[in-house]
Structure formats: C-alpha cells, structure tokens
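The structure appears below as structure tokens.
There are 2 protein chains.
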Amino acid sequence: MEGEATRVMVAVNESTIKGYPHASISSKGAFEWTLNKIVRSNTSGFKLLFLHVQVPDEDGFEDMDSIFASPDDFKGMKNRDKIRGLHLLEYFVNRCHEIGVPCEAWIKKGDPKEVICHEVKHVQPDLLVVGCRGLGPFQRVFVGTVSEFCVKHAECPVVTIKRSAAETPQDPIDD
Amino acid sequence: MEGEATRVMVAVNESTIKGYPHASISSKGAFEWTLNKIVRSNTSGFKLLFLHVQVPDEDGFEDMDSIFASPDDFKGMKNRDKIRGLHLLEYFVNRCHEIGVPCEAWIKKGDPKEVICHEVKHVQPDLLVVGCRGLGPFQRVFVGTVSEFCVKHAECPVVTIKRSAAETPQDPIDD
Numbered sequence: 001m002e003g004e005a006t007r008v009m010v011a012v013n014e015s016t017i018k019g020y021p022h023a024s025i026s027s028k029g030a031f032e033w034t035l036n037k038i039v040r041s042n043t044s045g046f047k048l049l050f051l052h053v054q055v056p057d058e059d060g061f062e063d064m065d066s067i068f069a070s071p072d073d074f075k076g077m078k079n080r081d082k083i084r085g086l087h088l089l090e091y092f093v094n095r096c097h098e099i100g101v102p103c104e105a106w107i108k109k110g111d112p113k114e115v116i117c118h119e120v121k122h123v124q125p126d127l128l129v130v131g132c133r134g135l136g137p138f139q140r141v142f143v144g145t146v147s148e149f150c151v152k153h154a155e156c157p158v159v160t161i162k163r164s165a166a167e168t169p170q171d172p173i174d175d
Numbered sequence: 176m177e178g179e180a181t182r183v184m185v186a187v188n189e190s191t192i193k194g195y196p197h198a199s200i201s202s203k204g205a206f207e208w209t210l211n212k213i214v215r216s217n218t219s220g221f222k223l224l225f226l227h228v229q230v231p232d233e234d235g236f237e238d239m240d241s242i243f244a245s246p247d248d249f250k251g252m253k254n255r256d257k258i259r260g261l262h263l264l265e266y267f268v269n270r271c272h273e274i275g276v277p278c279e280a281w282i283k284k285g286d287p288k289e290v291i292c293h294e295v296k297h298v299q300p301d302l303l304v305v306g307c308r309g310l311g312p313f314q315r316v317f318v319g320t321v322s323e324f325c326v327k328h329a330e331c332p333v334v335t336i337k338r339s340a341a342e343t344p345q346d347p348i349d350d
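From first to last, the protein sequence lines are chains A and B.
Counting from 1, one number per residue, gives the positions in the first sequence under the numbering used here.
Counting from 176, one number per residue, gives the positions in the second sequence under the numbering used here.
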C-alpha cells in the first residue's frame, strides 16, 4: 500500500523548428526520461503535471495578416494562441492516457522561467523536470536558460534532462 | 515486464555534528526522498548506488595521538579511516536490505565534488541524488557546495535535495 502519488511537474514547450503543435526535442526528452527512468511500471504511484508557458508574442508578427475591427477580433487571436497550446499539451496527455499514468495539464502566459517557479510555489510538486538544450557556456550567454534559473529558484527538487548528442539539431539553439 | 533497473547514485557523507558513523542530515534526507518519492513500492525497478567520498585528513589532527614507528602504522591509520566509512555505508545498505531495494556501496578518497563527477562518468547512473544544506548565498561563498558543482559538471541528470527547515541545525553550516 502506497501513500499519495509522487507529483512530477514537467515543463513543456513547442518545437522551435516545427512550431505548434509539435513539442520541442528537449520537452519530449524530459517526458520520456520521466516515464522510462522514474515512473517505469509504477503508473499509479505517480501523477504528471504538464505546464506549458506561452511567451506573449511581442512583435505580433503572426497576426500581421489579421484585421482587427472589434474587441472580439482580439479575443479570437488570444483563443487561437490558446488552442495551439492545447494541441501541444494533447500530445503529452494522450501518451499518459495510453500508458495509464494520471496527469493534468495547463497553460500559463508569461516569462517561462518566472512562471514555472511561480507555479511550483503554488502547486508544490515533489519534483520538477525540465528539458534543456545542453548549450555550451558561450551560447548560453545569448540564449539564457530556463533550466538553470529553475535549478536556482524553484522551491522543489529540480532535475534537468539534456538532449542526447543524437537528438541535437545542426544548430543547437534549435529545439 | 520492465527493462533494466533505474540506477540512482546517492552521494553520502558523515555528520559534521556527530561524526562517524552517523550520516549527515542532508545525506539522510536525499536517501529518504529517493525512497519515498522515486522508488516507492517499485523496489525491483531501482538500484541504489551509494558513494561515500572521504576527504584526506590534511592536518592529521585525528592521528596526533598515534605513534608511527613503521609503515604498518600508517596502514593501520588508513584502515581505520576506511572502517569508519564502511560503518557509514552500512546504515544505508541495511535500510535498503530491510526494504528490499538492490544496492551497492563504495568508498573513494579525494575532493568530494571532483570524485563524485568522476564516478558518475565511470558508473553512468541514470540519476545522481545529492543532499544539500540549502545555505544562503553569503554562506555559500565560504563553504562552497558540492551539489552546485555536481549540477554543473556531472554527466548525468542531477537532483539536489535541500534539508527541510525543521531539520536544519542552529548553525546551518552543520549537517
């Protein structure tokens, strides 16, 4: 007889190469690692909590072709973003459903590193799993890494999962 | 049917307060977290690898009362150190045996942070669990933390487990 399930939060984002609804290589890696190495066959012992943080579209480039004539048009834009995020989460939730691992998934807007740490405070998972690109120190200066920030600031144990060399795209900044 | 067990390396050290053979508060915390949150009831799905790194006694203070008259006397000193380390590991191995989790344990000498990363390279665990004292930035400058070094340099996923506030001794540098 086991106590309450171990709650593992997995931060997921979209692919920089393929865009929505495709998950980034590092998100998929973090997820598969969690299933294969931690959950294993003990599907009832764990609950996965998928958090997707959407970065507000600063330049609005994606909406250049849209015509905004009423407040509802802006609502439409926001809904479209949200739907994209939902399709991303669908991938993870479907996989969990197939395997029989209980899960929850939700979307937030903002700066991913800040929002992840804020949600950790609120949700209090037992473990936060974050994928990372495994960039060198030189590249990190320009890119900034969500995982490093979470390791320092998240109020729960954090594990970062680097992509394998085989999965790393030609430009390692892609994901 | 599951594949090979998930191999979790747990770095353990002696208590700064009680000394050998007592384990430090943070080592015990890291170990209990691994059992309660990761292994859970799936005892055959995991193998725990306990590594204890002994710091060579630089000032030799502990051996001030010893008389060294032959090379064998030095051997005796080294053996005594090793036996202390073995008693520390016994605690963890016994606990695993009680619960039925397969494990291995071994001792190395050297700078803990360097040796842990070296052993990770050699042993290639799926996860390294390191306890930490959860010191503030000011204290960290003087103490240096093994866990931070491992997060940056170990070639496997690393999770650091902070002591709870309730477990933290009056002087947080103690462990």
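Ideal Cβ placement from N, Cα and C applies to all residues, glycine included.
Bear in mind that the values here come from a model prediction, so they are computed numbers and not experimental data.
Cβ of residue i within 7 Å of any chain B Cβ
{"i": "Gly-100/A", "result": "no"}
{"i": "Ala-23/A", "result": "no"}
{"i": "Phe-31/A", "result": "no"}
{"i": "Glu-167/A", "result": "no"}
{"i": "Val-12/A", "result": "no"}
Cutoff 7 Å: residue i Cβ touching any chain A Cβ
{"i": "Asn-254/B", "result": "no"}
{"i": "Asn-269/B", "result": "no"}
{"i": "Pro-246/B", "result": "no"}
{"i": "Thr-181/B", "result": "yes"}
{"i": "Val-334/B", "result": "yes"}
Interface partners of residue i on chain A, CB under 8 Å
{"i": "Arg-338/B", "result": "Simply none; closest approach about 12 Å."}
Within chain A, the residues that residue i reaches when beta carbons sit closer than 7 Å
{"i": "Val-326/B", "result": "Val-151"}
{"i": "Pro-132/B", "result": "Residue 132/B lies beyond the residue range present for chain B, which begins at 176 and ends at 350; the question has no answer from this structure."}
{"i": "Lys-212/B", "result": "Thr-6, Asp-126, Leu-127"}
Beta-carbon separation (whole angstroms), residue i vs residue j, contact threshold 8 Å
{"i": "Val-228/B", "j": "Val-290/B", "result": "4 Å"}
{"i": "Val-12/A", "j": "Ser-27/A", "result": "4 Å"}
{"i": "Ile-274/B", "j": "Thr-218/B", "result": "6 Å"}
{"i": "Gly-306/B", "j": "Gly-178/B", "result": "Incorrect: roughly 28 Å between the Cβ atoms, too far for contact."}
{"i": "Arg-80/A", "j": "Gly-220/B", "result": "Actually they are not in contact, since the Cβ atoms of Arg-80/A and Gly-220/B sit about 42 Å apart, beyond 8 Å."}
{"i": "Lys-37/A", "j": "Leu-261/B", "result": "That pair is no contact at about 29 Å."}
{"i": "Val-321/B", "j": "Pro-287/B", "result": "5 Å"}
{"i": "Gly-134/A", "j": "Lys-108/A", "result": "No, Gly-134/A and Lys-108/A are not in contact; Cβ-Cβ is about 25 Å, not under 8 Å."}
{"i": "Ala-5/A", "j": "Pro-102/A", "result": "7 Å"}
{"i": "Val-129/A", "j": "Val-10/A", "result": "5 Å"}
{"i": "Glu-323/B", "j": "Ile-200/B", "result": "Actually they are not in contact, since the Cβ atoms of Glu-323/B and Ile-200/B sit about 18 Å apart, beyond 8 Å."}
Mind the definition here: the segment 144-156 of chain A touches the segment 112-129 of chain A only if three or more C-beta pairs lie below 8 Å; say whether that holds. yes
Quick check on the DSSP output: what are the complete beta strand (DSSP E) runs of length 3 or more inside the segment 299-338 of chain B, in order along the chain? Runs found: 302-307, 333-337.
Could you name each continuous beta strand (DSSP E) segment of 3 residues or more that falls completely within the segment 249-290 of chain B, going from the start of the chain to the end? 278-284
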